[in-house]
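J.: Below are the structure tokens for one structure; questions will follow.
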Amino acid sequence: MHSDIAEVLFTEDEIAERVSEIGRAITRDYAHTADENGIVLISVLRGAAIFMADLARKIELPVEMDYMAISSYGNGAKSSGVVRILKDLTSEIEGRHVIVAEDILDSGLTLTYLLKNLASRHPASVEVATLLRKQTRAQAKIDCKYIGFECPDEFIVGYGLDFAERYRNLPYIGILKPEVY
Ligand code: XMP
Ligand code: MG
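Here this note's numbering is used: the first residue of the sequence shown is 1017, the next is one more, and so on.
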């Protein structure tokens, strides 16, 4: 284990198993709705990229992968809900079935903004697959159809999640030692 990690929350094997389960659920849920164009998986760079890459390979339907980059104003550890689009989608999503892959749902402010933005493009449907949902006091009401794990209100890193761009490549998810940040 990395010496900056206080505790491993989810091991590599546990993550792989859960991501497979979500992939199977999506395959089942969309078997009859996804047309030959399939599903558009959207991830918000950069944290959700690893989750989406693994999830896409567990969905047995045609899948298109697209990316958005947004910056939320603030210090990076807490989001403000005021969001600026740095990179927009390449695909048109009008009439398509969209699944947004998120790394972690904290206050929900980022996702609230994003879902409103996506809805204005008139997709056939939009659902959210979040790998982690933090047990925080104040969370915007967001319907997440697919949730990987509930996690404690600590600073979490690994499997895509960073602190100052570090630790994204840890194969497990863990709590960062407070003295590191
Ligand atoms: P909100 O509060 O808008 O925040 O739901 C979601 C975004 O905030 C980042 N975030 C974290 N990143 N460890 C991280 O590496 C965390 O514990 C954490 N909590 C929130 C993340 O970018 C997420 O998309
Ligand atoms: Mg981050």
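By construction, the Cβ of each residue, glycine as well, lies at the ideal position given by its N, Cα and C atoms. Please read all numbers here as calculations on a predicted model, not as lab measurements.
Compare the beta carbon distance of D1119 and F1067 with 7 angstroms and say whether it is the shorter of the two.
T.: As a first step, residue 1119 must be located in the sequence shown, where it is residue number 103. As a first step, residue 1067 must be located in the sequence shown, where it is residue number 51. Closer than 7 angstroms, so yes.
J.: Below 8 angstroms on the Cβ atoms is my contact criterion, and I expect T1128 with A1145 to pass it. Report the Cβ-Cβ distance as a whole number of Å.
T.: In the sequence shown, counting from the first residue as 1, residue 1128 sits at position 112. In the sequence shown, counting from the first residue as 1, residue 1145 sits at position 129. Between A1145 and T1128 the Cβ distance is about 16 angstroms, and since that is not below 8 angstroms, they are no contact.
J.: Looking at ligand 1, does it come within less than 6 angstroms of L1177, judged from the CB to the closest heavy atom?
T.: Here residue 1177 is taken as the residue at index 161 of the sequence shown, counted from 1. L1177 Cβ: within cutoff of ligand 1.
J.: Check whether the stretch 1150 to 1164 touches the stretch 1036 to 1055, counting contact only when three or more Cβ pairs, one atom from each stretch, lie closer than 8 angstroms.
T.: Because the criterion of three Cβ pairs below 8 angstroms is met, the stretch 1150 to 1164 and the stretch 1036 to 1055 touch.
J.: So is the beta-carbon of T1126 under 6 angstroms away from any non-hydrogen atom of ligand 1?
T.: For the purposes of this step, residue 1126 is taken as residue 110 along the sequence shown, with counting starting at 1. At least one heavy atom of ligand 1 is nearer than 6 angstroms to the Cβ of T1126, so yes.
J.: Starting from the Cα of I1101, find the closest Cα among A1072, R1062, S1088 and L1077 and give me that residue.
T.: By one-based count along the sequence shown, residue 1101 stands at place 85. When each option's Cα is compared against that of I1101, the closest is S1088.
J.: Going by other Cβ atoms of all chains shown within 10 Å of its Cβ, with 16 needed for buried, is A1117 buried or exposed?
T.: Within the sequence shown, the letter at position 101 stands for residue 1117. With 16 or more other Cβ atoms within 10 Å, it is buried.
J.: Do Y1183 and G1176 count as a contact pair if the criterion is CB distance below 7 angstroms?
T.: In the sequence shown, counting from the first residue as 1, residue 1176 sits at position 160. In the sequence shown, counting from the first residue as 1, residue 1183 sits at position 167. No. Outside cutoff.
J.: For the stretch 1047 to 1057 and the stretch 1018 to 1035, state whether three or more C-beta atom pairs, one from each stretch, are separated by less than 8 angstroms.
T.: These segments do not touch.
J.: Between which two residues does the alpha helix (DSSP H) holding Y1046 run?
T.: Position 30 of the sequence shown, counted from the start, is the residue given in the question as residue 1046. Here the alpha helix (DSSP H) through Y1046 covers E1028 to Y1046.
J.: Going by Cα to Cα distance, which pick from S1019, M1084, G1054 and R1034 is closest to D1070?
T.: Here residue 1070 corresponds to residue number 54 of the sequence shown, with the count starting at 1. The shortest Cα separation from D1070 among S1019, M1084, G1054 and R1034 belongs to R1034.
J.: For F1026, verify whether its CB is less than 6 angstroms away from any heavy atom of ligand 1.
T.: Counting from 1 along the sequence shown, the entry for residue 1026 is found at position 10. No, the Cβ of F1026 stays beyond 6 angstroms of every heavy atom of ligand 1.
J.: Between which two residues does the alpha helix (DSSP H) carrying Y1129 extend?
T.: Here the question's residue 1129 lines up with position 113 in the sequence shown. Element bounds for Y1129: L1125 to A1135.
J.: What is the DSSP secondary structure of A1064, counted as helix, strand or coil?
T.: In the sequence shown, the residue the question calls residue 1064 occupies position 48. In the structure shown, A1064 sits in coil (DSSP, three-state: anything other than H, G, I, E or B).
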